[in-house]
Amino acid sequence: DAGITQSPRHKVTETGTPVTLRCHQTENHRYMYWYRQDPGHGLRLIHYSYGVKDTDKGEVSDGYSVSRSKTEDFLLTLESATSSQTSVYFCAISESFIPRTSKSEQFFGPGTRLTVL
Amino acid sequence: DAKTTQPPSMDCAEGRAANLPCNHSTISGNEYVYWYRQIHSQGPQYIIHGLKNNETNEMASLIITEDRKSSTLILPHATLRDTAVYYCIVRGIGDMRFGAGTRLTVKP
């Protein structure tokens, strides 16, 4: 299995508080991604990174920010958590972003279950 | 990226081949077909991907029709551990878009 860890694995917080989720990889992959998964919506991309300090928005980026200060860590921050951000969050990594290469597959972490009360 | 259509659920007998269909009639020439699966609440797991030729790896085979408007993922000898949600994704240069997938249940 790809070396991807997510922390915390479970978190309960209150509306309005800041929350930071961490994704850590030991594979030295260039690309890192944050997804959320909700019933009826499948997985949706929040933000992704294509290198240190290089990030871009995904499909559902409102209310989230990300940072990547070193290759191995990708942080997802909810500045002021809302109940609509209750979800399971998955981090993923890949060596390449281009589908035609054999290294474009994404490897996913175990997920973080976040509950915002 | 093109959209995909998959049946919401399928059953398969243990030891038999599981054939999971996917329609992607609006696929364009530079888009690839990817398959992932998600077992229970774990992170999705990559299975296979292809452009137009059939592909095979240690997990599965991917059969893409000549017109590329549909594909089939084949698990040759399904086991109980293959019970999962299987996602068919059509992807170009952009990000991956997961749909609802097919819930495959392998029965003894």
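Line by line, the protein sequences are chains A and B. Just so we're aligned: 64 in the working numbering is position 64 of the first sequence, and the numbers increase by one with no gaps anywhere. Take any residue in the second sequence, count from 1 to its spot, add 1000: that is its number in the working numbering. Glycine is no exception: its CB is placed at the ideal position from the N, C-alpha and C atoms.
Option in the options with minimal Cα separation from residue i
i, options, result
"A:Ile98", "B:Gly1092, B:Ala1100, B:Gly1101 and B:Arg1103", "B:Gly1092"
"A:Val12", "A:Phe108, A:Glu105, A:Thr86 and A:Ala92", "A:Thr86"
"A:Thr82", "A:His10, A:Pro18 and A:Lys70", "A:Pro18"
"B:Val1106", "B:Ile1063, B:Gly1015 and B:Gly1050", "B:Gly1015"
"B:Leu1104", "B:Met1059, B:Cys1088 and B:Leu1020", "B:Leu1020"
"A:Ser65", "A:Thr15, A:His47, A:Phe107 and A:Thr5", "A:His47"
"B:Ser1070", "B:Tyr1087, B:Ala1013, B:His1024 and B:Glu1031", "B:His1024"
"B:Ala1018", "B:Val1090, B:Ala1084 and B:Arg1097", "B:Ala1084"
"A:Ser7", "A:Glu59, A:Thr71, A:Gly40 and A:Cys91", "A:Cys91"
"A:His41", "A:Val88, A:Lys70, A:Gly63 and A:Thr20", "A:Val88"
"A:Gly109", "A:Val60, A:Tyr35 and A:Gly16", "A:Tyr35"
"A:Gly3", "A:Arg100, A:Gly58, A:Thr101 and A:Glu72", "A:Glu72"
Minimum Cβ-Cβ distance from residue i to chain A less than 8 Å
i, result
"B:Gly1015", "no"
"B:Pro1044", "yes"
"B:Ile1027", "no"
"B:Ala1100", "yes"
"B:Ser1009", "no"
"B:Ser1041", "yes"
"B:Ile1093", "yes"
Continuous beta strand (DSSP E) stretch holding residue i: start and end
i, result
"A:Leu117", "Per DSSP, A:Leu117 belongs to no beta strand (DSSP E) and is neither H nor E."
"A:Leu76", "Asp73 to Leu78"
"A:Asp38", "Tyr31 to Asp38"
"B:Asp1011", "Ser1009 to Ala1013"
"B:Pro1021", "Ala1018 to Asn1023"
"B:His1049", "Gln1045 to Gly1050"
"B:Ala1084", "Ala1084 to Arg1091"
Cutoff 8 Å: residue i Cβ touching any chain B Cβ
i, result
"A:Tyr50", "no"
For residue j and residue i, believed in contact at Cβ under 8 Å, the rounded distance
i, j, result
"B:Tyr1036", "B:Ile1074", "Incorrect: roughly 15 Å between the Cβ atoms, too far for contact."
"A:Arg9", "A:Thr112", "6 Å"
Heavy atom of the ligand ATP within 7 Å of residue i beta-carbon
i, result
"B:Arg1037", "This structure lacks the ligand ATP, and indeed carries no ligand of any kind."
- Message: Counting beta carbon pairs with one atom in the region 90-106 of chain A and one in the region 22-32 of chain A, are three or more of them shorter than 8 Å?
- Response: Contact holds: three or more Cβ-Cβ distances are below 8 Å.
- Within the chosen definition, does the region 1003-1011 of chain B reach the region 1044-1052 of chain B through at least 3 CB pairs nearer than 8 Å? Segments in contact, no.
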